[in-house]
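Engineer: Just so you know, the first sequence maps onto residues 12 to 414 in my numbering. We put the beta carbon where it would ideally sit given N, CA and C, even for glycine. These numbers were taken from a predicted model, which means no experiment stands behind them.
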Amino acid sequence: MYRSDFLQSLAARGHIHQLTDAEALDAAAAAPGLAAYVGYDCTAPSLHVGNLATIMLLRRLQQHGGRPIVLLGGGTTRIGDPSGKDSQRQLLGDATIAANKASIRTAFERFLRFGDGPGDAIMVDNADWLDGLALIPFLRDYGRHLSVNRMLAQDSVRLRLEREQPLSFLEFNYMVLQAYDFVELARRHGCRLQMGGSDQWGNIVQGIELGRRVGCPDLLGLTTPLITTADGAKMGKTARGAVWLNRDQLPDWDYWQFWRNTDDRDVGRFLRLFTDLPEDEIRRLERLEGAEINAAKVALANAATAMCRGEEAARQAEATARATFAEGAAGDALPEARVHFPVGVVDALTAAGLAASRGEARRKLAEGAVRFDGDVVTDPDARLAGPGRLSLGRKRHARLVAA
RNA sequence: GGAGGGGUGGCCGAGCGGUCAAAGGCAGCAGACUGUAAAUCUGCCGGCGUCAGCCUACGUUGGUUCGAAUCCAACCCCCUCCA
């Protein structure tokens, strides 16, 4: 078993997939001030719950005395990570990347404490060193240490080649630059550990190898398992889109609901991975059976929402859930739709976003799925006279208010 | 460069002159049962509509035809085999 609190905690909570050198890492983590980083692409205006697995690694590191480094890939996003893709990703414009970067960074402040103190997290952007890189000096200093043979064996490259899918030289360089990032962070910030999802293993190892050859000998790597739900889907990808961390991409209510609707079988695992609740509390919650387990889901939703969106957001969502589901009222946190009364049900449904089209609204009315203030509405010509709670099915609700 | 095969709705995949808004599966939505869970069963699943109909869709652009996802031509892209 591990001696350091950090690794003990990660192991107990299910965060560890692979380690490059367990003993060395354990020793490094036992001393205070271990610096570790995770890199994030700026491909979207917000990170999503799929990124939470590694964000939690940084959080746990800080909780146990380490120094988290958030690396924003302002430079590498201009290239595009080929891992897990069969075709080149659409190249993003610099303006988009800059906007995404600005938007992404806000989310981290909820999970980590930033500052100038010894245990404070810092945020860096690899554009700072990548953008100005001069090709010939770079090739002479680093290129000679990078083995093409080895790179060709990397999954991200090999799979593309085996399937005879195109791989541009641009993308081929992604791992080179990610490897170089690690060396740069080791030099600038004394960073010894790179963490990431299991798909990043190859890239992480490349960085460690490069470090060994250019005078940063003791770099380490750690990956988290790919988190899937009990029914086998990648976590955080719903049909309606990703579950975003940023409030302007996904309202607090929906974020809370995402966690509240966790599969029974995932509750214990998610409590360990995505909340700070202590082990004995989690053990108590996951032992609940039947309808009782809903209490554990509420605890999960509250803890996860409080961490990402703040205590107040969690409280409001919980209160709204109670009002909406237990009392059949309309809680404050429900999405609001502004309409002019009297309004036809069909228009109200589309305005509230409960139906994607008028046709769908009509179909749902015919199916008996629509209720207004709790009463089933089936007539597509019905008009609603004033404010109230419009529901589609039992789960989706909106408050109609006068425009 | 040569010879074949193929590009169909979010995905997979049938259709190969009218009866095609296009079989089937997956995903999704809703109903029943429940616990805002899972499983199961049922219905729905391009848009608009006073439900008759209209519009948009089968790689792209033209053409043949009363009529084309289906035939022809050119172009773009993908796959297999040969050089």
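May I ask you to list the residues that DSSP assigns as paired with Pro-79?
Structural biologist: Answer is Ala-47, bridged to Pro-79.
Engineer: Determine the closest residue to Leu-163 out of Ile-238, Phe-183, Asp-152, Gly-370, with distance taken between C-alpha atoms.
Structural biologist: Phe-183
Engineer: How far does the beta strand (DSSP E) with Val-381 in it reach, from first residue to last?
Structural biologist: 381–383
Engineer: May I ask you to report which of helix, strand or coil DSSP gives Glu-338?
Structural biologist: coil
Engineer: Can you pull the DSSP bridge partners for Asp-386?
Structural biologist: Phe-383
Engineer: Any idea what DSSP makes of His-26, helix, strand or coil?
Structural biologist: Coil at His-26, not helix or strand.
Engineer: Leu-141 and Thr-87: beta carbons closer than 9 Å?
Structural biologist: yes
Engineer: Identify whether Leu-237 lies in helix, strand or coil by the three-state DSSP scheme.
Structural biologist: coil
Engineer: Name the DSSP bridge partner or partners of Met-206?
Structural biologist: DSSP, once it has assigned bridges, lists Leu-233 as partnering Met-206.
Engineer: To the nearest whole angstrom, what separates the beta carbons of Ala-132 and Leu-63, a pair I think is in contact under 8 Å?
Structural biologist: No, Ala-132 and Leu-63 are not in contact; Cβ-Cβ is about 16 Å, not under 8 Å.
Engineer: Under DSSP, the beta strand (DSSP E) around Gly-128 begins and ends at which residues?
Structural biologist: DSSP places Gly-128 outside any beta strand (DSSP E), giving it a letter other than H or E.
Engineer: With DSSP collapsed to three states, give me the class of His-408.
Structural biologist: Strand.
Engineer: List the endpoints of the continuous alpha helix (DSSP H) containing Ala-348.
Structural biologist: Element bounds for Ala-348: not the alpha helix (DSSP H) but the beta strand (DSSP E), 347–350.
Engineer: Using the three-state DSSP reduction, which class does Gly-279 fall into: helix, strand or coil?
Structural biologist: helix
Engineer: Hey, Tyr-48 and Leu-196 are a contact pair by Cβ (cut 8 Å); roughly how many whole angstroms apart?
Structural biologist: 6 Å
Engineer: Under three-state DSSP, which class holds Arg-298?
Structural biologist: coil
Engineer: Provide the residue span of the beta strand (DSSP E) that contains Ser-402, from first to last.
Structural biologist: 399–403
Engineer: Please report how far the alpha carbon of Leu-123 lies from the alpha carbon of Ala-348, in whole angstroms.
Structural biologist: 35 Å
Engineer: Along the alpha helix (DSSP H) that carries His-156, what are the first and last residues, could you check?
Structural biologist: Note, His-156: premise wrong, no alpha helix (DSSP H); not H, not E.
Engineer: Using C-beta distances below 7 Å, list every residue in its chain close to Gln-211, excluding the 5 sequence neighbours before and after it, in chain order.
Structural biologist: By the criterion of a C-beta distance shorter than 7 Å, Gln-211 is surrounded in its chain by Thr-234, once the five residues flanking it on both sides are discounted.
Engineer: Should the stretch 390–408 be regarded as contacting the stretch 350–358, the criterion being three or more beta carbon pairs within less than 8 Å?
Structural biologist: These segments touch.
Engineer: Could you pull the DSSP bridge partners for Leu-196 from this structure?
Structural biologist: Its beta-bridge partners do not exist; DSSP assigns none.
Engineer: Roughly how far, in whole angstroms, is the beta-carbon of Thr-231 from the beta-carbon of Thr-31, given that I think they are within contact range, below 8 Å?
Structural biologist: Going by the sequence as given, residue 231 is Leu instead of Thr. Confirmed, about 5 Å.
Engineer: In chain order, what residues of the same chain have a beta carbon less than 6 Å from the beta carbon of Trp-264, not counting five sequence neighbours either side?
Structural biologist: Ala-328, Ala-344.
Engineer: Candidates Ala-337, Thr-335, Asp-275: which alpha carbon is nearest Leu-311's?
Structural biologist: Asp-275
Engineer: Between Tyr-185 and Gly-218, is the Cβ-Cβ spacing less than 9 Å?
Structural biologist: no
Engineer: Within the continuous alpha helix (DSSP H) that includes Ile-90, where are the two ends?
Structural biologist: It is not in any alpha helix (DSSP H) - Ile-90 carries neither H nor E in the DSSP assignment.
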